[in-house]
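Protein chains in written order, with the numbering used here: chain A, 815 to 1383; chain B, 14 to 58. We treat Cβ as the ideally placed atom computed from N, Cα and C, and that holds for glycine. Below: one structure, written as structure tokens.
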């Protein structure tokens, strides 16, 4: 990091705090603090939803994912527009008209207090686990790349987020999300243009796409049918739709965004705009990863992108294993580079025969590069590194710090910190809202003055901020739990989706049947998790269907399950 | 007291006249995106 990078980074963070404090003025009633007085326009909500959903690890990891596995991850988002249409037609008008602060509050209106409490508990547990890691994940990557202490990084981000979130509530969160999203988009465009400009003169943009495609990095659509395969067209459309339904329909961190809308129409537009913008945006981020791959065809990449692990496997005692591997790797890289240059040359001369031959050599060399990298990862494990080691999260930042010019590095780091802040502020704000509205106000102080709940919300926000920073401080002891937290979400979303589907579409189902349905749904999801290899995207489908089937069965066989809490049918 | 579910009207969208038409447009947009992604994959495979 050079002085210009620091200037860009500090300037970005300062502007976020200043803008957040400016926008948060007047958030002095519960309605304004938690729902922005229902004054938000659709574009602010849409950008806020996108910013909350896009965490730092999305940018760090997605680009690396594309470098390693190609662009097929984009299919994960294909189900989102279908989900957004369904939510716009159902959940948005229902939540708005019910005049609720949280999605779970609606469940008490529709079912009973215990179903609301169960859903709130599931949300607090799942989102509470992930909020600490939202801070920790980028901090540990920045720690490895720059040597910054990860606790100091989480503390700086945490204090920044807490200052503006406590002060202005949801209004500040939404407007700073907008600002952060604009920084993110600008940073990504600058990063892509810079990468393309760094390619060798004789390699055009179209050549670069052919080289990425020939190595399987532009595989945006794959049709293979495999239940264990996370990313193909079918899992993306069906599993992705159920995941998006769960996330945007049942997770308070998202629901609260569109509850701030001026009207039902504005909230619907925000969701539909998000649906339309998200796929191109993810495509763009993945494409950056594919272009980083092409860049590294002409500049030799390290065997392992994580610097500390790359140094570990070069220790003298590992030389008998490392040196032959490094030699094979360098040889494969050189073969790949020469084949790529020959391919580009033949393409420019329209020499079909040589083009085909060069392409075959290029692909064979790529296989050797991949094999050497796998052996490098195995060597990391064998030398005491993390089990199942992958350096995906380090590829993009390693490239950024080594090759991007001064100022752009600061901008990319600002993008990553802005993404962390936008995700965590939304999470903290929603955790505080559920804590106050669904727990504190519902079970402890039902009739206090409005100002009392504003103060309680500020305290809850500060609590969840402090909790997140403290939890992130133990991140280095969590190891592979970072990955586990991704699973935690999918372990609970299906049941939440099921209970909301019951609430919206099955009028005959009452509280007890819904409550038992959620428990049965959870049992089914955990059984799938523990005893099968089904991809986690399908858990939402399984959980949702089991909740509905169980509640309907109970309603059919048990008159008690069909009764309302006061005993009437 | 349960809220009045008809108190907040569902006004029409600013374009295309009715929400079902907007939904169809979004689904058509998705189909177009998937087709473009497929053509992109094939063009550079």
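What do you reckon, are the CB atoms on residue i and residue j nearer than 9 Å?
| i | j | result |
| --- | --- | --- |
| residue 1094(A) | residue 46(B) | yes |
| residue 884(A) | residue 1033(A) | yes |
| residue 1353(A) | residue 878(A) | no |
| residue 1336(A) | residue 1303(A) | no |
| residue 905(A) | residue 1069(A) | yes |
| residue 997(A) | residue 1363(A) | no |
| residue 1306(A) | residue 940(A) | yes |
| residue 1151(A) | residue 1097(A) | no |
| residue 1278(A) | residue 1245(A) | yes |
| residue 1253(A) | residue 938(A) | yes |
| residue 900(A) | residue 1226(A) | no |
| residue 880(A) | residue 1100(A) | yes |
| residue 1384(A) | residue 1276(A) | Outside the shown range of chain A, which is 815 to 1383, sits residue 1384(A), and nothing can be said about it. |
| residue 1090(A) | residue 895(A) | yes |
| residue 841(A) | residue 1268(A) | yes |
| residue 1317(A) | residue 1328(A) | yes |
| residue 859(A) | residue 1080(A) | yes |
| residue 1197(A) | residue 1126(A) | yes |
| residue 929(A) | residue 1076(A) | no |
| residue 1223(A) | residue 819(A) | yes |
| residue 1066(A) | residue 876(A) | no |
| residue 1062(A) | residue 898(A) | yes |
| residue 838(A) | residue 965(A) | no |
| residue 1154(A) | residue 58(B) | no |
| residue 1082(A) | residue 867(A) | no |
| residue 967(A) | residue 54(B) | no |
| residue 1270(A) | residue 1259(A) | yes |
Measuring straight from C-alpha to C-alpha, what distance separates residue i and residue j?
| i | j | result |
| --- | --- | --- |
| residue 828(A) | residue 969(A) | 15 Å |
| residue 1124(A) | residue 1115(A) | 11 Å |
| residue 1236(A) | residue 870(A) | 9 Å |
| residue 979(A) | residue 1189(A) | 46 Å |
| residue 987(A) | residue 981(A) | 10 Å |
| residue 1282(A) | residue 1214(A) | 28 Å |
| residue 847(A) | residue 1243(A) | 10 Å |
| residue 1382(A) | residue 1322(A) | Residue placement at residue 1382(A) is flagged as unreliable, the pLDDT there being 37, under the threshold of 50; the coordinate-derived value follows with that caveat. Between residue 1382(A) and residue 1322(A), the C-alpha separation is close to 13 Å. |
| residue 1464(A) | residue 994(A) | With chain A running from 815 to 1383 in the structure shown, residue 1464(A) is simply not present. |
| residue 1157(A) | residue 1172(A) | 5 Å |
| residue 1129(A) | residue 1120(A) | 15 Å |
| residue 1201(A) | residue 1031(A) | 26 Å |
| residue 1314(A) | residue 1167(A) | 60 Å |
| residue 1163(A) | residue 1179(A) | 23 Å |
| residue 1060(A) | residue 1371(A) | 28 Å |
| residue 1347(A) | residue 23(B) | 44 Å |
| residue 1326(A) | residue 1103(A) | 49 Å |
| residue 1185(A) | residue 26(B) | 54 Å |
| residue 971(A) | residue 1231(A) | 7 Å |
| residue 28(B) | residue 1086(A) | 13 Å |
| residue 1262(A) | residue 1106(A) | 57 Å |
| residue 1265(A) | residue 843(A) | 6 Å |
| residue 1296(A) | residue 1011(A) | Residue placement at residue 1296(A) is flagged as unreliable, the pLDDT there being 48, under the threshold of 50; the coordinate-derived value follows with that caveat. For residue 1296(A) and residue 1011(A), the distance between alpha carbons rounds to 35 Å. |
| residue 932(A) | residue 865(A) | 28 Å |
| residue 910(A) | residue 1071(A) | 12 Å |
| residue 1044(A) | residue 832(A) | 41 Å |
| residue 1233(A) | residue 948(A) | 10 Å |
| residue 1240(A) | residue 983(A) | 10 Å |
| residue 1256(A) | residue 1324(A) | 20 Å |
| residue 1340(A) | residue 1360(A) | 12 Å |
| residue 1345(A) | residue 890(A) | 24 Å |
| residue 999(A) | residue 887(A) | 19 Å |
Our contact map puts residue i next to residue j with C-beta atoms below 8 Å; I'd like the distance itself, whole angstroms only.
| i | j | result |
| --- | --- | --- |
| residue 1191(A) | residue 1204(A) | 7 Å |
| residue 912(A) | residue 920(A) | 5 Å |
| residue 976(A) | residue 874(A) | So it is not a contact: roughly 23 Å between Cβ atoms. |
| residue 863(A) | residue 990(A) | 14 Å between Cβ atoms; not a contact. |
| residue 1391(A) | residue 892(A) | Beyond the ends of chain A as shown, which are 815 and 1383, falls residue 1391(A); an answer cannot be given. |
| residue 1074(A) | residue 850(A) | 4 Å |
| residue 953(A) | residue 1284(A) | Contact doesn't hold; Cβ gap of about 13 Å is too wide. |
Since residue i meets chain C, which of its residues come closer than 9 Å, beta carbon to beta carbon?
| i | result |
| --- | --- |
| residue 46(B) | Of the chains in the structure shown, none is chain C; the protein chains are A and B. |
Which residues does DSSP pair with residue i in a beta bridge?
| i | result |
| --- | --- |
| residue 854(A) | 1075(A) |
Using a threshold of 8 Å, is the CB atom of residue i nearer than that to any non-hydrogen atom of the ligand COA?
| i | result |
| --- | --- |
| residue 946(A) | For the ligand COA, the structure offers nothing, since it holds no ligand at all. |
Inset, instruction - Give the residues from the region 1063-1088 of chain A that approach chain B closer than 9 Å (Cβ to any Cβ), ordered along the chain. - result: 1077, 1078, 1079, 1082, 1083 and 1086
Inset, instruction - Check each residue of the region 974-1005 of chain A: if its Cβ is closer than 8 Å to any Cβ of chain B, include it; give the result in chain order. - result: none
Legend entry - Interface residues of the region 29-46 of chain B facing chain A [CB-CB below 8 Å]: 32, 35, 36, 39, 40, 42, 43 and 46
Legend entry - Contact residues within the region 1100-1133 of chain A, judged by C-beta distance below 7 Å to chain B: none
Inset, instruction - Could you please tell me which residues of the region 1227-1242 of chain A, in chain order, have their CB closer than 7 Å to any CB of chain B? - result: none
Inset, instruction - Return the residues of the region 1031-1057 of chain A that lie within a Cβ-Cβ distance of less than 7 Å from chain B, sorted by chain order. - result: 1032, 1033, 1034 and 1035
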